[in-house]
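Asks: Below you'll find the structure I mean.
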Amino acid sequence: MAATSSGNHPSSSLSPANFNHDFSFSFSPDYHPPTIISLTPDQLNHCSQALSFFKDKLLRNPHSILQDFAHLQANRITPSEMRRRCTVAIDSVNLNKNRYTDVLPCIYSFFFFKKKLLSAV
Numbered sequence: 243m244a245a246t247s248s249g250n251h252p253s254s255s256l257s258p259a260n261f262n263h264d265f266s267f268s269f270s271p272d273y274h275p276p277t278i279i280s281l282t283p284d285q286l287n288h289c290s291q292a293l294s295f296f297k298d299k300l301l302r303n304p305h306s307i308l309q310d311f312a313h314l315q316a317n318r319i320t321p322s323e324m325r326r327r328c329t330v331a332i333d334s335v336n337l338n339k340n341r342y343t344d345v346l347p348c349i350y351s352f353f354f355f356k357k358k359l360l361s362a363v
């Protein structure tokens, strides 16, 4: 979801009437200060492996990381796509139910499970 520069809560600027505007995201630590978390040994191990992977990648081929991020940027969702794909999340009855103020759930990101009929034994 978009953050407002006036300091208002972002969900107040996300009424469906306001979706004709481009979104600007605020990743400022002043807006949402990070909380200190403690990692389990398993999580710390995964984070250490990821950091090691990216350090190695940076040393071997520094341009590949820039290419990876350029690829991500090129495939970003446009505001019009977001309005089409996130209709449930931006519906006025659901807007305040969104877990994060700067992330909208997209209908294509949900997992749908097939129903299995279990016969009585």
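Count along the sequence shown from 1, then add 242; that gives the number in the working numbering.
No residue lacks a Cβ here, since even glycine has one placed at the ideal position from N, Cα and C.
Would DSSP call Thr282 helix, strand or coil?
Replies: DSSP places Thr282 in coil when its eight states are reduced to three.
Asks: Please classify Leu346: is it buried, with 16 or more other beta-carbons within 10 angstroms of its beta-carbon, or exposed?
Replies: Classification for Leu346: buried.
Asks: Just how far apart, CA to CA, sit Arg325 and Ile332?
Replies: Going by the C-alpha atoms only, they are around 8 Å apart.
Asks: Return the CA-CA distance between Ile319 and Lys299, expressed in angstroms with no decimal places.
Replies: Rounded to the nearest angstrom, the two C-alpha atoms are 27 Å apart.
Asks: By Cβ distance, which residues of its chain are closer than 8 Å to Ser306, with the 5 residues on each side in sequence left out?
Replies: Once the five neighbours on either side are set aside, the close Cβ partners of Ser306 are Lys299.
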